[in-house]
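Numbering-wise (our numbering), the sequence shown opens with residue 206 and increments by one.
Where is the CB? At the ideal position from N, CA and C, for every residue including glycine.
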Amino acid sequence: MEHSQHPRTRTFFFAAITTLVGLLVRLAIPLTASFPLNDGGLFYAMIRDIQQSNYVFPATISYNHASIPFAYPPLALYLAAFISSMFHLDLLTLLRVIPPVVSAAAIPVFYFLALDLLQSETSAALAALIFALTPRIFEWQIMGGGITRSFGFLFCLLKLYSVQKLYVTKSNRFVARTSVFGALVILSHPEAVLQTALAGLIIYLFADHSKGGLIRSLVVSLLALLLSAPWWLTVLYAHGFAPFLAALSAARQDSPNFFLRIFFTFQFELTSEPYLPFVAIFAVIGFFQSLGSKKYLFPVWMLAAYLIEPRSGSLYMMLPLSILAAMGLHQILKFIQNHNESETTSWFRNRTSQWFFGFIVLYLIAGAYADEYMIFTQYTLTNSQVQAMNWIHNNTPPNSQFVVVSNRNALADPASDWFPALTDRTSLATVFGYEWINGNQFEGRIQKYTALQNCINQDATCLDAWMQKYRIAYQYIFITHSPSDIPPLGRNLLQSNHYQLAYQTTDALLLERVP
206 MEHSQHPRTR TFFFAAITTL VGLLVRLAIP LTASFPLNDG GLFYAMIRDI
256 QQSNYVFPAT ISYNHASIPF AYPPLALYLA AFISSMFHLD LLTLLRVIPP
306 VVSAAAIPVF YFLALDLLQS ETSAALAALI FALTPRIFEW QIMGGGITRS
356 FGFLFCLLKL YSVQKLYVTK SNRFVARTSV FGALVILSHP EAVLQTALAG
406 LIIYLFADHS KGGLIRSLVV SLLALLLSAP WWLTVLYAHG FAPFLAALSA
456 ARQDSPNFFL RIFFTFQFEL TSEPYLPFVA IFAVIGFFQS LGSKKYLFPV
506 WMLAAYLIEP RSGSLYMMLP LSILAAMGLH QILKFIQNHN ESETTSWFRN
556 RTSQWFFGFI VLYLIAGAYA DEYMIFTQYT LTNSQVQAMN WIHNNTPPNS
606 QFVVVSNRNA LADPASDWFP ALTDRTSLAT VFGYEWINGN QFEGRIQKYT
656 ALQNCINQDA TCLDAWMQKY RIAYQYIFIT HSPSDIPPLG RNLLQSNHYQ
706 LAYQTTDALL LERVP
């Protein structure tokens, strides 16, 4: 096994090249798209609220006129608001560009974390490459909503890298730095907090597990809480614990039960690779290699991240999984090379290993781009849909009530997410933001949303039954669809005497109910 106290020149060079490739992959679609990928409407509204309040922390969010508590960690939102105001940049442009750039910034941090954990330049280099090109790692970070997810993930890695140094050196000089990174995690993304704490605990158990390490950990935790106190104390003063309790309850609504989590974990299908799942296959090899050599850190970390908190675990388990996949790929390269040398240059002493490694790199790049392109074509608002929402903003009464039908999943519906932000109108079934309102509102909103979407292939009687069940009255219905096919509900309403066409584009339909 390689051991390098000071990474060589080739280490920095490989990390730089890998980061550049990862950045280009992450920017490929967002730069060519005219609108942020998938979600981000809620955060767009929150950033505007910050600007309109002159950077005083708002008590509630204007989104959907629902008086949602502004309890979300605000660091990335304030940063976007400041950059937009200072440099007169369009917020929608920033929501396209900032998330992929921040996501790419995590690549070199992960490389040096892997180097410290593995003490092998070869495996760490391979881990960085896999980390840079595995779709599951970056797909949710390059979307519009990645404005917070990407920062939470980056600061998580920075804290874990500092935590590793803290436990290995057993030196107090890393306490302050680790505390600062911990506070930045708290101020960036709620799900990152639990996963960072869990990963830090696992690293402590395997790298230190001493009384001194425990004391340093407690000091770091307390300092991180103190540094982030201006935010959470403001929220507690305005709303009490209710928003945080609501968010914890909401996180369980779309999580599979424990036994299903075990099943999903050992399927090794969580990498989101669109073609042959090479990363998952390499990870299986690395998983059993790690068990066979009695190196349990990475298998335990991978399993714990998903089994304990599946909503964010499918992302954060990619950290140990990338390392396990690198170990598996390293073994394959050594097998092809047919010798036991572990230097990076040994991969290329055999033409077969050169072709295999080059094929894997190109295959991963193609798969990463294909996954991004799928998000762009299937889960991103089109120009004509944005145009329709702008028309609604300019041509309908401000107090109008709308229902949005798109035949999507409640938490993967860009039309439902962006509609309140772009139109400044009320969407009666939108789910986003309600996870911060106590009283099981989130669960009820998901049920209401799902029942509405089930009407897409039916007729007006389905909408009437939905209105009666939920005691809702609306003035307009907004339907998104493919350019080539208006769904049965839209065709039925166009022919109904109870609805009249208000506006139409190639893939959006707005109808007004006739009193």
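Residues of its chain near residue i, where Cβ-Cβ distance is below 8 angstroms and the 5 sequence neighbours each way are ignored
i	result
Ser415	Lys375
Val373	Asp321, Ala412 and Asp413
Arg718	Tyr679, Gln680, Tyr681, Ile682, His703 and Tyr704
For residue i, the three-state DSSP class (helix, strand or coil)
i	result
Ala271	coil
Phe262	coil
Ser454	helix
Phe219	helix
Leu294	coil
Gln346	coil
Asn659	coil
Ser376	coil
Ser519	helix
Leu179	It is not possible to answer for residue 179, since the shown part of the chain is limited to 206 through 720.
Ile467	helix
Asn643	coil
Leu428	helix
Arg676	coil
Asn612	coil
Arg630	coil
Phe446	coil
Ile691	coil
Glu353	Residue identity check: residue 353 is Thr in the sequence provided, not Glu. DSSP places Thr353 in helix when its eight states are reduced to three.
Gln472	coil
Glu207	In this prediction, Glu207 scores a pLDDT of 46, lower than 50, which makes its location untrustworthy; no coordinate-derived value is stated.
Beta-carbon contacts of residue i that lie in its chain and below 7 angstroms, excluding the five residues immediately before and after
i	result
Gln494	Met532, Gly533 and Gln536
Ala333	Ala220, Thr223, Ile312, Phe315, Tyr316 and Ala319
Leu331	Ala531, Leu534 and His535
Leu406	none
Leu362	Ala311, Val314, Phe315 and Leu318
Val368	Thr383, Gly405 and Ile408
Arg466	Tyr511, Leu512 and Pro515
Ile288	Leu294 and Leu299
Leu508	Thr470
Ala309	Thr224, Gly227, Leu228 and Arg231
Distance between residue j and residue i (C-alpha atoms, nearest Å)
i	j	result
Phe464	Pro435	40 angstroms
Phe503	Ile408	9 angstroms
Thr476	Ile342	8 angstroms
Leu280	Leu450	21 angstroms
Pro212	Glu326	Unreliable positioning characterises Pro212 in this predicted model, as indicated by a pLDDT of 47, which lies under 50. The coordinate reading is nonetheless provided below. When rounded, the distance between both Cα atoms is 8 angstroms.
Asp629	Asp712	21 angstroms
Arg301	Lys499	44 angstroms
Pro720	Gln705	11 angstroms
Lys674	Val636	18 angstroms
Ser422	Leu228	33 angstroms
Pro525	Tyr708	50 angstroms
Arg676	Pro602	22 angstroms
Ser355	Ala388	16 angstroms
Val307	Gly246	19 angstroms
Asn377	Leu371	7 angstroms
Thr353	Ala276	13 angstroms
Leu716	Val609	11 angstroms
Ser621	Leu232	25 angstroms
Ile255	Ile273	14 angstroms
Asn545	Ile651	Residue confidence is low: Asn545 scores 45 on pLDDT, short of 50, so the model does not pin down where it sits. Its coordinate-derived value is still stated next. Answer to the nearest angstrom: the Cα atoms are 55 angstroms apart.
Leu242	Gly417	46 angstroms
Leu236	Ala575	15 angstroms
Leu714	Ile684	5 angstroms
Beta-carbon separation (whole angstroms), residue i vs residue j, contact threshold 8 angstroms
i	j	result
Ala656	Trp641	Wrong, their Cβ atoms sit about 22 angstroms apart, outside the cutoff.
Ile303	Ala285	6 angstroms
Gln626	Tyr268	The sequence shown places Ala at residue 626, not Gln. The Cβ separation is near 6 angstroms, so the contact holds.
Tyr568	Phe473	Not quite, the Cβ-Cβ distance comes to about 17 angstroms (not below 8 angstroms), so this is no contact.
Leu633	Asp664	So it is not a contact: roughly 19 angstroms between Cβ atoms.
Lys439	Ala593	The sequence shown places Thr at residue 439, not Lys. Not confirmed; about 37 angstroms, so no contact.
Tyr578	Ile234	6 angstroms
Gly572	Glu478	5 angstroms
Ala488	Leu529	5 angstroms
Leu296	Tyr249	6 angstroms
Contact set for residue i: own chain, Cβ-Cβ below 6 angstroms, skip 5 residues either direction
i	result
Leu399	Glu514
Arg516	Ala456 and Ser460
Ala397	Gly357, Cys361 and Val390
Gln700	none
Tyr521	Gln400 and Ala510
Met523	Arg341 and Ile342
**Completely contained alpha helix (DSSP H) runs for the region 378 to 403, where each covers 4 or more residues** = 380 to 391
**Item:** alpha helix (DSSP H) runs wholly inside the region 522 to 603, at least 4 long, in chain order
**Value:** 523 to 542, 556 to 583 and 588 to 600
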